[in-house]
Each structure stands twice: as structure tokens, then as C-alpha cells.
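Line order of the protein sequences matches chains A and B.
The opening residue of the first sequence carries number 18 in the working numbering; numbering runs sequentially from there.
The opening residue of the second sequence carries number 18 in the working numbering; numbering runs sequentially from there.
Beneath this line is the structure, given in C-alpha cells, with notes to follow.
2 protein chains.
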Amino acid sequence: MVNTTYQVQGMTCGHCVSAVSAEVSAIAGVRDVQVDLATGRVTVGSDQPLDVESVRAAVDEAGYDLVDG
Amino acid sequence: MVNTTYQVQGMTCGHCVSAVSAEVSAIAGVRDVQVDLATGRVTVGSDQPLDVESVRAAVDEAGYDLVDG
Chain A
18 MVNTTYQVQG MTCGHCVSAV SAEVSAIAGV RDVQVDLATG RVTVGSDQPL
68 DVESVRAAVD EAGYDLVDG
Chain B
18 MVNTTYQVQG MTCGHCVSAV SAEVSAIAGV RDVQVDLATG RVTVGSDQPL
68 DVESVRAAVD EAGYDLVDG
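Have a look at this one:
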């Protein structure tokens, strides 16, 4: 499994964490998503390396922004 | 209809607003709930004056705190 960490901005509460987790978890091949609210770090475990644009789209769908990437 | 304004603390985003709105809307006799995220003010329209404890319980259930009241 590949673990990749992304930086997300705009999350302010547990609901935000849930929304990001749900959207990123829905990406094909994603096995595990861990979100740290305090730092905005989102660590994603996947079968294969992910296209960052699919992660960006999922984060955007949840209503937040991927930083750089 | 009676309109009463309560002060809620801890809401940080639109999800918080939705959670409080949903819980307070479920109180018997409540017709309308308006939440102002910036100020934390929750204005509730109801058929009859509400028991503040029922509002406090709903806000608590959503995960937030009613200030004084």
C-alpha cells in the first residue's frame, strides 16, 4: 500500500473532517484516510499511487482546498 | 408565532449550522430556525414559547453549547 500525505485548508471541525474523509475515501483504490484537523494533514493509503487531481477534486467536492500538490 | 433568539457557541462552519438547525427544528412546535454563523445567534420561530431546556438539549445534542439562557 502507498501512503501519501496532502495538505488541506479550511477544515474547522469534526464535520469538516468527516466530509473530507468521505469524499477522499470514495476515490477508486483508496483503502484508508486519516485526517488531522489541527494540522490539516490528510494521509491517504491506496493500492496504487493516486492522481493528485482526483484527490484535489474530492477535497473540492467536500468544500475545501488542497494546498499546492 | 413566537420568535426567540438564543446564543450558541462553538459553531465554526456550515456543517455546524446544519447540525444545530436540524436538531432545533426537530423540537415540537418549532416552525422556523435561522442560524447566523458569524454571531452564533439562533432565531427560532415556534407556535408557542419554548422551554429553554428543550432548546439547550437540542443544541447539546448537535454538539454545541447554549450560552446562558
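Heads up, the beta-carbon is just placed ideally off N, CA and C, and yes, glycines get one too.
The model shown is predicted, which means the values in this text are computed figures rather than measured ones.
Contact holds between the segment 29-37 of chain B and the segment 50-66 of chain B, because three or more Cβ pairs, one in each stretch, are under 8 Å apart.
The DSSP-derived three-state label of B:V84 is coil. Three or more Cβ pairs closer than 8 Å define a contact, and the segment 38-48 of chain B falls short of that threshold against the segment 62-71 of chain A. Closest option to B:V47, judged by alpha-carbon separation, among B:A39, B:S63 and B:V59: B:S63.
Among the residues facing chain B, A:A43 is not included, as its CB has no counterpart in that chain under 8 Å away. Assignment of B:D49 by DSSP, reduced to helix, strand and coil, places it in the strand class. Per DSSP, B:G62 is one residue of the beta strand (DSSP E) stretching across R58 to S63. Against chain B, the beta carbon of A:A55 has no neighbour under 9 Å; the closest one sits roughly 13 Å away.
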